[in-house]
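Here is the structure we will look at.
In the working numbering, the protein residues as written are 726 to 860.
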């Protein structure tokens, strides 16, 4: 069975990912200062960058749920996740708490890094049809 040009499991995974990304994008506006702390001091216009990435995350999520833009949005989302990975590494090295938190266990900051490849795989998987168009 196909729903909007994909399989049911992939569509469900896609919706969950898109909702997560919209939530994260909104978080960039609600916790801009916390996200800005994740950028090294040499980066200019930190809060502006955070707002832009928040808008980008919301747009990518919306493009993921549109069948005609899904595959391309999946690729761009994966690239985006690779590009922001250094900010998560910096936060782990510098023990910068998660946005909205005053303190985060440093171990959790390092564990969070393990989830970035999972997110990349997830968005690529759910934005593509299976090779045999079956599940």
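The beta-carbon is built from N, C-alpha and C at its ideal position, and this holds for glycine as well.
Checklist entry - Measuring CA to CA, which of 737, 756, 762, 747 is closest to residue 813? => result 762
Item to check | Unbroken stretches of the alpha helix (DSSP H), 4 residues or longer, contained in the segment 767-798 | outcome: 771-790
Checklist entry - Does the segment 730-739 touch the segment 763-776, meaning 3 or more C-beta pairs lie closer than 8 Å? => result no
Checklist entry - Which of helix, strand or coil does DSSP assign to residue 827? => result coil
Checklist entry - Roughly how many angstroms separate the alpha carbons of residue 833 and residue 767, rounded to a whole number? => result Residue 833 and residue 767 have their C-alpha atoms some 25 Å from each other.
Item to check | Presumed contact (8 Å Cβ cut-off) between residue 747 and residue 786, rounded CB distance | outcome: 5 Å
Checklist entry - Do residue 781 and residue 815 have their CB atoms nearer than 8 Å? => result no
Checklist entry - Sorted by chain position, which residues of the same chain lie with C-beta nearer than 8 Å to residue 830's C-beta, five sequence neighbours on each side aside? => result none
Item to check | Sequence-distant residues of its chain with Cβ nearer than 7 Å to residue 788 (five each side left out) | outcome: 794, 798
Next on the checklist: DSSP three-state label for residue 753, please.
Outcome noted: Residue 753 sits in a helix when the DSSP states are folded into three classes.
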